[in-house]
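Residue numbers (the working numbering): 622 to 1062.
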């Protein structure tokens, strides 16, 4: 049987079109084109893993960061959870397990770059999405450009900056990126205001990101100011029911970046006001490829190593040029002085999560144990680190015959190519009843 590909069509490469990029004191630069990131003038694919420092003990940080480095991770991403640092209004705590500067210098010692996700709203299955309880009692609208809220955000950002000053890429440090907010889908003006505020305070990095998922038309973002990043998970523990789910559509090669755009035949490509995220202006980047899966009180999926390897391989074949796992290192929630710090229905959120465990079935568990997906995904990371310069400019060409997610018998494959050479990606579904997969690269 012959397996054929669709015709390759080269996309135009846009450069210097975004308000991003920067140099370190050694003259090395990081920049963003429409198809890929560059480092020292060469195409570059970062491999990013999420590790929440406040959900671990500081004496563990360096050891666990070294495990991430050994697993092929090159960039560590971490949230700054507001409620962890200002649980009581006006009383800030960046000491002990909340010492972000120590975490960043440990990461630098381990040879890792960092993207800090500074909120102010973060989610991350944290209480109130990481907003302190006292903030919710204020009479003004949150996640909005009104003066009162932005004044509080200014204080929060300034306190973070006091901790991280001098550690940015331009200073010779390892902070190469900053994410603003999280999962804000319809307020480009607010996202831009957050970036302007951060720049005014002193936050500077080559890469600025926001989450880009929404319907097929994508989240409304300030188009020239940030890179939209996306996610994909093997399961959906937030589903309201407890029935078994079909195999995730994310195991089909598909250039679509937007998680909720799987049903794009039923969703308008353009919003009612004419908005459509210009995907062609940005490289395909992810920040939330499931490195595992958190369980909720009512739904508790068990995730295997091949489930994670498959997900990462499919997205890499589909064009992913920033491989970002959420989570890569599991953690344990703290107990606050005033409340538990986990997401729950009691705080108005749709799910009840564990009070303590945020293990996430991640490649490195909350106790530092190594799981199967750590070793499996490291094979992909070795490939990316060795061949990323060749792979990054290559575009995805789909199979001649499209495969439906429910088709568990047909070969799933695609190619990334520059028209002269390329890499073929193949997955074979086997043992679907046990939700296991065998992949071949």
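For glycine and all other residues, C-beta sits at the position ideal for the given N, C-alpha and C.
Since the model is a prediction, treat every value here as computed from it, not as a measurement.
Run through the DSSP bridge pairs and tell me what residue 909 is partnered with. Here residue 909 refers to the residue found at position 288 when the chain shown is read from its first residue. Residue 909 pairs with 852.
Between residue 665 and residue 789, what straight-line distance do the alpha-carbon atoms span, to the nearest angstrom? Working through the chain shown from its first residue, we reach residue 665 at position 44. Working through the chain shown from its first residue, we reach residue 789 at position 168. Spanning the two alpha carbons is a distance of roughly 19 Å.
Going by beta carbon distance, what residues of the same chain come within less than 6 Å of residue 1056, once the five residues before and after it are set aside? On the chain shown, position 435 is the one that residue 1056 refers to. With a pLDDT of only 37 at residue 1056, under the threshold of 50, the placement of this residue in the model should not be trusted, and no figure is reported.
Which first and last residues belong to the beta strand (DSSP E) in which residue 670 is found? By 1-based counting over the chain shown, the position of residue 670 is 49. Taken as a continuous stretch (DSSP letters only), the beta strand (DSSP E) holding residue 670 covers 667-672.
Roughly how far, in whole angstroms, is the beta-carbon of residue 792 from the beta-carbon of residue 640, given that I think they are within contact range, below 8 Å? As a position in the chain shown, residue 792 is number 171, starting the count at 1. As a position in the chain shown, residue 640 is number 19, starting the count at 1. About 20 Å separates the two Cβ atoms, so there is no contact after all.
If you compare alpha carbons, which of 754, 903, 822 and 752 is closest to residue 633? Against the chain shown, residue 633 aligns to sequence position 12. Measuring from the Cα of residue 633, the nearest candidate turns out to be 903.
Among the residues of its own chain, which have a CB less than 7 Å from the CB of residue 977, if the five just before and after it don't count? The count along the chain shown starts at 1 and reaches residue 977 at position 356. Once the five neighbours on either side are set aside, the close Cβ partners of residue 977 are 953 and 954.
Could you name the residues of the same chain whose beta carbon sits closer than 6 Å to that of residue 759, not counting the 5 residues immediately before and after it, in chain order? One-based indexing of the chain shown puts residue 759 at position 138. Here the set comprises nothing.
Around the Cβ of residue 927, are there at least 16 other Cβ atoms within 10 angstroms (buried) or fewer (exposed)? In the chain shown, counting from the first residue as 1, residue 927 sits at position 306. Buried, by the Cβ-count rule.
Does DSSP classify residue 963 as helix, strand or coil? Sequence index remark: in the chain shown, residue 963 carries index 342 (1-based). Three-state DSSP puts residue 963 in a strand.
With DSSP as the reference, label residue 899 as helix, strand or coil. Residue mapping note: residue 899 aligns to position 278 of the chain shown, counting from 1. It is coil, neither helix nor strand.
Please say whether residue 751 and residue 702 have beta carbons closer to each other than 8 Å? Walking along the chain shown from the start, residue 702 turns up at place 81. Walking along the chain shown from the start, residue 751 turns up at place 130. Yes.
Helix or strand or just coil, what does DSSP make of residue 837? Walking along the chain shown from the start, residue 837 turns up at place 216. In this structure, residue 837 counts as coil in the three-state DSSP scheme.
Within the stretch 925-989, ranges of the beta strand (DSSP E) (whole runs, at least 3 residues): 943-950
Please state whether the Cβ-Cβ distance between residue 735 and residue 696 is less than 8 Å. Within the chain shown, numbered from 1, the residue matching residue 735 stands at position 114. Within the chain shown, numbered from 1, the residue matching residue 696 stands at position 75. For residue 735 and residue 696, yes; Cβs fall inside 8 Å.
Alpha helix (DSSP H) containing residue 754: first to last residue? The residue you call residue 754 lines up with position 133 of the chain shown. That run of the alpha helix (DSSP H) goes 754-757.
If contact is defined by three or more beta carbon pairs under 8 Å, each pair taking one atom from either stretch, is the stretch 862-871 in contact with the stretch 817-837? no
Does the distance between the C-beta of residue 831 and the nearest non-hydrogen atom of the ligand PLP fall short of 7 Å? The ligand PLP is absent from the structure shown, which contains no ligand whatsoever.
Comparing C-alpha positions only, which one of 851, 991 and 755 sits nearest to residue 900? Locating residue 900 in the chain shown gives position 279, counting from the first residue. Nearest C-alpha to residue 900: 851.
CA-CA distance, residue 747 and residue 961? Here residue 747 is taken as the residue at index 126 of the chain shown, counted from 1. Here residue 961 is taken as the residue at index 340 of the chain shown, counted from 1. When rounded, the distance between both Cα atoms is 9 Å.
What does residue 801 pair with, by DSSP beta-bridge criteria? The count along the chain shown starts at 1 and reaches residue 801 at position 180. Paired residue(s): none; residue 801 is not in a bridge.
From residue 776 to residue 1042, what distance separates their C-alpha atoms? For the purposes of this step, residue 776 is taken as the residue at position 155 of the chain shown. For the purposes of this step, residue 1042 is taken as the residue at position 421 of the chain shown. Taking the straight line joining both Cα atoms gives about 52 Å.
Of the residues 859, 720 and 949, the one placed nearest residue 782, counting alpha carbons only: Stepping through the chain shown from its first residue, residue 782 is reached at position 161. Among 859, 720 and 949, the Cα nearest to that of residue 782 is on 720.
In chain order, what residues of the same chain lie with their CB nearer than 7 Å to the CB of residue 995, ignoring the 5 residues before and after it? Working through the chain shown from its first residue, we reach residue 995 at position 374. Cβ neighbours of residue 995 beyond the five flanking positions: 692, 984 and 985.
Considering only the alpha carbon of each residue, which of 749, 724, 929 and 730 lies closest to residue 737? The sequence position of residue 737 within the chain shown is 116, counting from 1. For residue 737, the nearest C-alpha among the options comes from 724.
Taking a contact to mean a Cβ-Cβ separation below 8 Å, would you say residue 980 touches residue 951 in this structure? Against the chain shown, residue 980 aligns to sequence position 359. Against the chain shown, residue 951 aligns to sequence position 330. Their beta carbons are under 8 Å apart, which means residue 980 touches residue 951 by this criterion.
Using DSSP with H/G/I as helix, E/B as strand and the rest coil, what is residue 870? Counted from its first residue, the chain shown places residue 870 at position 249. Residue 870: helix per DSSP, three-state reduction.
Taking 6 Å as the limit between beta carbons, can you name the residues of its chain near residue 957, skipping five residues before and five after? Taking the chain shown and counting its residues from 1, the one referred to as residue 957 is at position 336. Cβ within range, chain order: 708.
If distances are taken between C-alpha atoms only, which option among 1035, 941, 879 and 853 comes closest to residue 837? For the purposes of this step, residue 837 is taken as the residue at position 216 of the chain shown. Checked all of 1035, 941, 879 and 853; the closest Cα to residue 837 is 879.
Which of helix, strand or coil DSSP assigns to residue 715: Position 94 of the chain shown, counted from the start, is the residue given in the question as residue 715. Three-state DSSP puts residue 715 in coil, outside helix and strand.
Residue burial classification, residue 871 (beta-carbon count within 10 angstroms, cutoff 16): Taking the first residue of the chain shown as position 1, residue 871 is located at position 250. With 16 or more other Cβ atoms within 10 Å, it is buried.
Leaving out the 5 sequence neighbours to the left and right, which residues in its chain are closer than 7 Å to residue 661 when beta-carbon positions are compared? As a first step, residue 661 is located in the chain shown; it is residue number 40 there, counting from the start. Only 649 and 650 meet the Cβ criterion.
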